[in-house]
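Chains as they are written, first to last, in this note's numbering: chain A, 62 to 391; chain B, 2 to 252. Here is the structure we will look at, set down as structure tokens.
Structure (structure tokens):
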């Protein structure tokens, strides 16, 4: 636990020091990474802890951004707009989830995909409300109560703070009784029923929380990009975030965030050299998925066990001794 | 009043009649064993009692309350837990985590989304109690997939026990076990407190006669006989069906 706290502390310092090392372009990139990290963590929650693989998660991201855009033309309070996006996307997740969780595996994937595309079509069609294919500009600026935040540095700090908050929230969530039960449902739903749980309640809870967080990241993206378009709800975007989760590491909280960071970084880095960046990205992803089976997070675990090799060896010896003792007493 | 009363239940899968007017009663504190050849409908009976399968006709009462149409998850909260013939555990979780899930199911904080699960002292206490009582404390941090088969069977029962049921339904707790493990399991069932009534499906005759207060014999989905071990042992019809003619069953 102490080691974890230390790592958290170091990460925090790194996040705070980052803008003083990189250029303005880098700061912008870091802010975008923070937003995508929240989005990836939200999908990582249902993929890694509830076993629900959604291919329509961009829908909630889109609801978040469009809420900020559309409501933002009527009111300007930052907190209200953010809260509105979270509540609205959470509610949509709750209502649609009540239907979706009746399916599982491929059917769940297909129905979420269909839902995402439905929303995509809606943003396209409802021209008066969403601006249709042209997209929409966001008129309100970020104001946390002490003046407008317009500098890239300020925006970065808000996004980084939000990402850390979401991470802490999710940490609490997965360790809570409900979080543990959600994992139990993923592991063995029929036994959970026999133990007296109602799996549907817990799946719906996970899906709603995930949807609300995706909406939160979407609303932040609205403030970051100051422009929304139907592409934000497209299934390609859902696919991208799923890739982030997979290359980062399914089944962990921080894994998807790392995956998001790497994905955005590579995307920007490679696209400065060639227009054919998707080709190289695709190749890289294939290699990443094949080589890094459990995701990048597991490379870190491997690295850590190498560094702490001696300690883990001692622990092994202890375990073996212990096992022998047990045999003797038996 | 009997704790569990199964009254004339029938179940068929399309044209196959699996249970036909089956009635079973379990008194408080009783060890009631259901025996019968393969395909007699024993596990189906369990699935019908716990409403995993819906029954075609008949009624099931728990403490006088009709439970025939209650979803199986609600039965745990009424005091009825079951185990499975095939291990049905959380293989990727540790022994301790498995028990945590089983214990939490009856706690009021099972819907909390804050306050880490492990911060609840009563959960730790209940879990440790089970681990120590059954002498598996040293295995608490082992993933269930790495347990021996016998240990997994034990855990299967402990998960059902964790909710502190009044009635425990055990579906062949000794299936697939070595003779030594079978004896251990029988000892364990004998050790369970009398505050728990047990309805148990069992094949091993030694186990059956060593624990049974009452035996119900099921054959082709019908109850042949329900009586004391003595009555069952001396019944000609049961011997015909179950023990294949003249051979006398031995305890």
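Idealized CB from N, CA, C, for every residue including glycine.
- Contact annotation: residue 208 (chain B) and residue 183 (chain B) have beta-carbon atoms nearer than 8 Å.
- Residue 178 (chain A) sits in a helix when the DSSP states are folded into three classes.
- Between residue 272 (chain A) and residue 153 (chain A), the C-beta spacing is below 8 Å.
- Within the segment 274 to 314 of chain A, the complete alpha helix (DSSP H) segments at least 4 residues long are 296 to 309, listed from N- to C-terminus.
- Assigned with DSSP and collapsed to three states, residue 9 (chain B) falls in strand.
- In this chain, residue 217 (chain A) is not harboured by any beta strand (DSSP E); it is covered by the alpha helix (DSSP H) spanning 213 to 236.
- By the rule that beta-carbons nearer than 8 Å mark a contact, residue 77 (chain B) touches chain A.
- The C-beta distance from residue 310 (chain A) to residue 355 (chain A) rounds to 6 Å, short enough to meet the 8 Å contact threshold.
- For residue 141 (chain A), no chain B residue has a Cβ inside 9 Å of its Cβ, as the nearest lies near 24 Å away.
- Taking a beta-carbon distance threshold of 8 Å, residue 116 (chain B) counts as an interface residue toward chain A.
- Counting C-beta atoms within 10 angstroms of its own C-beta, residue 220 (chain B) has 16 or more neighbours from the protein chains shown and is therefore classed as buried.
- The beta carbon of residue 150 (chain B) sits no closer than 8 Å to any beta carbon of chain A.
- Listed along chain B is no residue with a C-beta nearer than 7 Å to that of residue 154 (chain A); the closest approach is about 15 Å.
- Note: residue 2 (chain B) is not bridge-paired with any residue in the DSSP secondary-structure output.
- Contact annotation: the segment 73 to 81 of chain B does not touch the segment 26 to 36 of chain B, with fewer than three C-beta pairs closer than 8 Å.
- Taking a beta-carbon distance threshold of 8 Å, residue 256 (chain A) counts as an interface residue toward chain B.
- At a cut-off of 8 Å between beta carbons, residue 236 (chain A) contacts chain B.
- According to the DSSP assignment, residue 172 (chain B) belongs to the beta strand (DSSP E) that extends over 168 to 172.
- The continuous beta strand (DSSP E) containing residue 18 (chain B) extends over residues 17 to 27.
- Residue burial is scored here from C-beta neighbours: residue 65 (chain B) has fewer than 16 other C-beta atoms within 10 angstroms and is therefore classed as exposed.
- Distance from the Cα of residue 196 (chain A) is smallest, within the candidate group A:223, A:288, A:327 and A:91, for A:288.
- The criterion of a C-beta distance shorter than 8 Å is satisfied by residue 267 (chain A) and residue 243 (chain A).
- In this structure residue 222 (chain B) touches residue 20 (chain B) by the C-beta definition: roughly 5 Å separates them, less than 8 Å.
- One alpha carbon belongs to residue 254 (chain A), the other to residue 260 (chain A), and they sit about 7 Å apart.
- For residue 112 (chain B), at least one C-beta of chain A is nearer than 8 Å to its own C-beta.
- Chain B has no Cβ within less than 8 Å of the Cβ of residue 308 (chain A).
- Taken atom to atom, the span from the alpha-carbon of residue 158 (chain B) to that of residue 161 (chain A) is near 34 Å.
- Taking the CA atoms as reference points, residue 345 (chain A) sits about 34 Å from residue 146 (chain B).
- In this structure residue 247 (chain A) is in contact with residue 112 (chain A), their Cβ atoms being roughly 4 Å apart against a cut-off of 8 Å.
- Within the segment 103 to 181 of chain B, the complete alpha helix (DSSP H) segments at least 4 residues long are 122 to 134 and 150 to 162, listed from N- to C-terminus.
- DSSP, read as helix, strand or coil, puts residue 108 (chain A) in helix.
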